[in-house]
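Below is one structure, written out as structure tokens, with a few remarks after it.
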Amino acid sequence: MQNNFLNKKGQLTIFIIIAIVIIALVALFFIFRTSITGTAIPKEFEGVYSYYLSCIDTRISEGASLLGQQGGYIENPEFSSGSEFMPFSSQLNFLGTGVPYWYYISGNNVVREQKPSKEKMQSQLNDFISQTISECDFASFNQQGFEITLDDAQVESSIEDNSISVDVSQNINIVFGNSSWNGKTHKVKVNSNLGKFYNLADEIYSNNKQTMFLENYGVDILRLNAPVDGSEVGCNAKVWNMRDIQTELMDALERNTPFIKIQGNYYNLGRKENQYFVNDIGTDVDMNVNFMYSKEWPMKLEAWPSENGILRADPVGLQEGLGMLGFCYVSYHFVYDFAYPILVQIYDDDEMFQFPVVVYINKNNPREALEGETLPDVVPDLCKKKNTNIKVYTYSKNLEPIEAEIKFKCFDTVCDIGKTAVSGEESVLETLFPQCYNGFVLASAEGYETGKYQLTDLEENNLVIVLNQKYKLNLEVQKDGNPVNGFVVLTFTKDKTQTVSYPEQKEIELSEGQYQIQAYIYSNSSIYFPATSTDKCVDVPRSGALGALGFTEKKCFSLNIPSQTIDSAVSGGGTQNYYIGDSELENSKKIIINANDFGIPRKVEDLQINYNKVDSSDLDVRFE
-8 MQNNFLNKKG QLTIFIIIAI VIIALVALFF IFRTSITGTA IPKEFEGVYS
42 YYLSCIDTRI SEGASLLGQQ GGYIENPEFS SGSEFMPFSS QLNFLGTGVP
92 YWYYISGNNV VREQKPSKEK MQSQLNDFIS QTISECDFAS FNQQGFEITL
142 DDAQVESSIE DNSISVDVSQ NINIVFGNSS WNGKTHKVKV NSNLGKFYNL
192 ADEIYSNNKQ TMFLENYGVD ILRLNAPVDG SEVGCNAKVW NMRDIQTELM
242 DALERNTPFI KIQGNYYNLG RKENQYFVND IGTDVDMNVN FMYSKEWPMK
292 LEAWPSENGI LRADPVGLQE GLGMLGFCYV SYHFVYDFAY PILVQIYDDD
342 EMFQFPVVVY INKNNPREAL EGETLPDVVP DLCKKKNTNI KVYTYSKNLE
392 PIEAEIKFKC FDTVCDIGKT AVSGEESVLE TLFPQCYNGF VLASAEGYET
442 GKYQLTDLEE NNLVIVLNQK YKLNLEVQKD GNPVNGFVVL TFTKDKTQTV
492 SYPEQKEIEL SEGQYQIQAY IYSNSSIYFP ATSTDKCVDV PRSGALGALG
542 FTEKKCFSLN IPSQTIDSAV SGGGTQNYYI GDSELENSKK IIINANDFGI
592 PRKVEDLQIN YNKVDSSDLD VRFE
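For reference, each letter of the sequence shown is one residue, going -8 to 615 in the working numbering.
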């Protein structure tokens, strides 16, 4: 199974490229996964804009692939090397790629964790996309006479179980002759199991921290393949060589590790005794999970008592006359420190997420389930250097004092500062903050929207942060005043975007402010797309070591897109900019969104027309 999986992994890039080409071709017919601010795109610019979206799609897929291959990191944490005492660096070298350990023991014998949060993954994906969009190559369109300019991009991504949604704020200006078009915000959603894989990886990792199932397997392997405790009848000394013991342990790990399973339906046990290798983490797994060990990876093995790599047990009972009668025996007890890496891989078809951990047997026993020294998602030194005195006051809009958690954000670093305390008519915190130009003081309280204040200098300050109250409202969506027969995707965009799937979700939490509300109403339809076929050539990594060094070769293939039928299509919707006042929220229990009825599309042209109408049609928003 391991070799088959590695063959699949070697083909990962070409399958991603094929998927991107398919998405780009389908996007020429309809752009239902993209929302833009501005006028509807003219037909002559659709090819350019479709390529731009496919380029964003490519960057998302590339970033997701890197996150999966590198344990949830695109930019790895700072590297630290191992030592002769503890040979594990902060990364496992897997096929030439450094994969950060989620748990390891550093060279100076300190337990460390490097499991990234999903928010950290999203932040790194945002940076990757914003930095690589500029690599989109519009040369072929330039040769046709198009002039395309791109401003800097701001990216917000959301990693869900089966998809990644990305909002790109980037000004793209397209000019052709006397015609031009400009778009500012772009939404792209790609199918991806990254979130689902990460969640399962987190469950496996957390379960092992609690139950030590990998360490327990390691103890069994140690006791079955190395001299630990025992007695043998005999009058000759027993001698073992540590080098031979290590070889036996490596062979045993290589044979047995691939048999480890997580309880689920992705395998057949074959033999009843293999149930020993199945670990129950509390949920049945429907994805492929592979546990891997390689002899090429570092190992720590020490034994006591030993001398110059030799373990020796002398016989007991050599008193005169007893030896010839066979009354001699050899008893031994050795204590080991035994540590080695295990790589956990979760995969399905051509998607994969992997993370390594160090399994540590300490004095013949599984390591204690201690909390590791977690690698923070911030720059540690910044939060330690607090030398600017700041007094923070937190109030509601009615100037009522509110207890709030205070944090300080500088770029992607967030420091916990403390909590404001109510005293009379004030809620205040006075303490030292780190120094950072244009950093943000963040205040959060339950039932309120997070407030922020930007520091534009490093002088002492008295800050007042007003928090907007959030209100939970019932939600109702109508089409031309009638109940909706189908489903609706609603977005409420203020500083961030809330997405609601109606009627599954019939509640929403809102606060005062200017919103852009957008609705896509889907109804049952039947639109047929005929099959297409074309030849494509792409550059793919070369096999073997050259591929790891970045060398590529050209591969050509026939791209066949099968015929398909779209069974749901946009039949109504609209866009509305609406300022929601605090009085509307406070005095209402329900928000009603009434959208226009466009009619059910019957052919491809109708589908595109309906999508364009969403941007140009208004919504009726009212409160009850």
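All C-beta atoms in this analysis are idealised placements derived from N, C-alpha and C, irrespective of residue type, glycine included.
All values reported here derive from a predicted model rather than from experimental measurement.
Since M278 and Y257 should fall inside the 8 Å C-beta cutoff, what is the C-beta to C-beta distance between them, to a whole number of angstroms? Start at 1 with the first residue of the sequence shown, and residue 278 comes out as number 287. Start at 1 with the first residue of the sequence shown, and residue 257 comes out as number 266. The pair is a contact, with the Cβ atoms about 6 Å apart (cut-off 8 Å).
Can you look up I333 in the DSSP assignment and give me helix, strand or coil? Residue 333 sits at position 342 when you count from the first residue of the sequence shown. Correct three-state label for I333: strand.
Give me the Cα-Cα distance between F614 and E575, rounded to the nearest whole angstrom. Locating residue 614 in the sequence shown gives position 623, where the first residue counts as 1. Locating residue 575 in the sequence shown gives position 584, where the first residue counts as 1. When rounded, the distance between both Cα atoms is 7 Å.
Could you say which of D558, Y511 and Y519 lies nearest to D609 if we only look at CA atoms? Walking along the sequence shown from the start, residue 609 turns up at place 618. For the set D558, Y511 and Y519, the Cα lying nearest the Cα of D609 is the one of Y511.
Could you compute how far the alpha carbon of T404 sits from the alpha carbon of P592? Within the sequence shown, numbered from 1, the residue matching residue 404 stands at position 413. Within the sequence shown, numbered from 1, the residue matching residue 592 stands at position 601. Each residue's Cα considered, the two are about 48 Å apart.
On the DSSP letters alone, give me the boundaries of the alpha helix (DSSP H) that D193 sits inside. Against the sequence shown, residue 193 aligns to sequence position 202. L185 to T202 is the span of the alpha helix (DSSP H), which, as asked, contains D193.
Leaving aside the five residues before and after N603 along the sequence, list all residues of the same chain whose C-beta is less than 6 Å from its C-beta, in chain order. The count along the sequence shown starts at 1 and reaches residue 603 at position 612. Counting only Cβ-Cβ distances below 6 Å, and skipping sequence neighbours, we find A31.
In terms of residues, what are the limits of the beta strand (DSSP E) holding A217? Indexing the sequence shown from 1 puts residue 217 at position 226. Taken as a continuous stretch (DSSP letters only), A217 belongs to no beta strand (DSSP E), as it is neither H nor E.
Three-way DSSP call (helix, strand, coil) for N603 in this model: To locate residue 603, count along the sequence shown from 1; it is residue 612. N603 falls in the helix class under three-state DSSP.
Where does the unbroken alpha helix (DSSP H) through L390 begin, and where does it stop? In the sequence shown, the residue the question calls residue 390 occupies position 399. Here L390 belongs to no alpha helix (DSSP H), and DSSP marks it neither H nor E.
Count the other CB atoms, across all protein chains shown, that sit within 10 Å of the CB of P347; report buried if there are 16 or more and exposed otherwise. By one-based count along the sequence shown, residue 347 stands at place 356. With 16 or more other Cβ atoms within 10 Å, it is buried.
Below 6 Å CB to CB, which residues in the same chain sit around F478 once its five sequence neighbours on both sides are set aside? Within the sequence shown, the letter at position 487 stands for residue 478. Excluding positions up to five away in sequence, the list reads Y513.
Using 10 angstroms around the beta-carbon of P425, count the other beta-carbons present and answer buried if the total reaches 16, otherwise exposed. For the purposes of this step, residue 425 is taken as residue 434 along the sequence shown, with counting starting at 1. Flag for P425 reads buried.
Please list the terminal residues of the continuous beta strand (DSSP E) segment that includes L302. In the sequence shown, counting from the first residue as 1, residue 302 sits at position 311. Boundaries of the beta strand (DSSP E) harbouring L302: I301 to A304, taken from the DSSP string.
Burial state of S607 (16 or more Cβ within 10 Å): Within the sequence shown, the letter at position 616 stands for residue 607. Exposed, since its Cβ has fewer than 16 Cβ neighbours within 10 Å.
In three-state DSSP terms, what is Y43? Working through the sequence shown from its first residue, we reach residue 43 at position 52. Looking at Y43 - three-state DSSP - the assignment turns out to be helix.
Taking the DSSP output, what are the residues bridged to P425? As a position in the sequence shown, residue 425 is number 434, starting the count at 1. DSSP output for P425 lists K377 as bridge partner(s).
Could you check what DSSP says for K109 in three-state terms: helix, strand or coil? Here the question's residue 109 lines up with position 118 in the sequence shown. Of the three classes helix, strand and coil, the one that applies to K109 here is helix, per DSSP.
Who are the Cβ neighbours of N184 in its own chain at under 7 Å, not counting the five residues just before and after it? Here residue 184 is taken as the residue at index 193 of the sequence shown, counted from 1. N153, D339 and E342, listed in sequence order.
Give the straight-line distance between the Cα atoms of D242 and L213, rounded to the nearest whole angstrom. As a working note, residue 242 is residue 251 in the sequence shown. As a working note, residue 213 is residue 222 in the sequence shown. Straight-line Cα distance between these residues: approximately 11 Å.
How long is the line joining the alpha carbons of I236 and S72, rounded to whole angstroms? The residue given as residue 236 occupies position 245 in the sequence shown. The residue given as residue 72 occupies position 81 in the sequence shown. Between I236 and S72, the alpha-carbon positions lie close to 26 Å from each other.
Compute the Euclidean distance between the alpha carbons of S517 and T556, then round it to the nearest angstrom. Here the question's residue 517 lines up with position 526 in the sequence shown. Here the question's residue 556 lines up with position 565 in the sequence shown. In a straight line, the C-alpha of S517 is about 6 Å away from that of T556.
So the candidates are T484, E596, A560 and E503; which of them puts its Cα closest to the Cα of T566? For the purposes of this step, residue 566 is identified with residue 575 of the sequence shown, where counting begins at 1. For the residues T484, E596, A560 and E503, the minimum Cα distance to T566 belongs to T484.
Do A217 and F325 have their C-beta atoms closer together than 9 Å? As a working mapping, residue 217 is identified with position 226 in the sequence shown. As a working mapping, residue 325 is identified with position 334 in the sequence shown. Cβ atoms of A217 and F325: closer than 9 Å.
Look at the alpha carbon of K377 and the alpha carbon of L423, and state the distance between them as a whole number of angstroms. Locating residue 377 in the sequence shown gives position 386, where the first residue counts as 1. Locating residue 423 in the sequence shown gives position 432, where the first residue counts as 1. Roughly 5 Å between the two C-alpha positions.
Measuring only the C-alpha atoms, how far is V349 from C127? Here residue 349 is taken as the residue at index 358 of the sequence shown, counted from 1. Here residue 127 is taken as the residue at index 136 of the sequence shown, counted from 1. Approximately 40 Å between the Cα atoms of the pair.
Skipping 5 residues on each side, what residues in its chain have a beta carbon closer than 6 Å to that of L446? Working through the sequence shown from its first residue, we reach residue 446 at position 455. Taken in chain order, the residues that qualify are G430.
Just verifying my parser: in three-state terms, what is the DSSP assignment at F20? Mapped onto the sequence shown, residue 20 falls at position 29. Bear in mind that a pLDDT of 38 at F20, under 50, signals an unreliable position, so the model cannot answer this.
For A130, is the classification buried or exposed, using 16 other Cβ atoms within 10 angstroms of its Cβ as the cut-off for buried? For the purposes of this step, residue 130 is identified with residue 139 of the sequence shown, where counting begins at 1. Exposed.
Return the residue from the list R234, S148 and N100 that minimises the CA-CA distance to I120. Within the sequence shown, numbered from 1, the residue matching residue 120 stands at position 129. For the residues R234, S148 and N100, the minimum Cα distance to I120 belongs to S148.
Leaving out five residues on either side along the sequence, give the residues of the same chain with a beta carbon under 7 Å from the beta carbon of V491. Here residue 491 corresponds to residue number 500 of the sequence shown, with the count starting at 1. L466, L481 and I499, listed in sequence order.
Residues of its chain near I155, where Cβ-Cβ distance is below 8 Å and the 5 sequence neighbours each way are ignored: Counting from 1 along the sequence shown, the entry for residue 155 is found at position 164. A distance below 8 Å between beta-carbons, with the five flanking residues on each side excluded, links I155 to the following residues of its chain, in chain order: I51, A55, L116, S148, S149, K180, V181, S183, L185 and G186.
Boundaries of the beta strand (DSSP E) in which E498 is found, first to last residue: Against the sequence shown, residue 498 aligns to sequence position 507. Unbroken beta strand (DSSP E) run through E498: E498 to L501.
In the DSSP output, which residue or residues are listed as bridge partners for E417? Residue numbering aside, residue 417 sits at position 426 when the sequence shown is read from its first letter. According to DSSP, which records beta bridges pairwise, E417 is partnered with S414.
When the Cα of K132 is compared with those of Y40, F268, G62 and L464, which residue comes out closest? As a working note, residue 132 is residue 141 in the sequence shown. Residue 132 is actually Phe in this sequence, not Lys. Answer by Cα proximity: Y40.
Among residues of its own chain, excluding the 5 on either side of G62, which ones have a beta-carbon nearer than 6 Å to its beta-carbon? Taking the sequence shown and counting its residues from 1, the one referred to as residue 62 is at position 71. Excluding positions up to five away in sequence, the list reads V90, P91 and F346.
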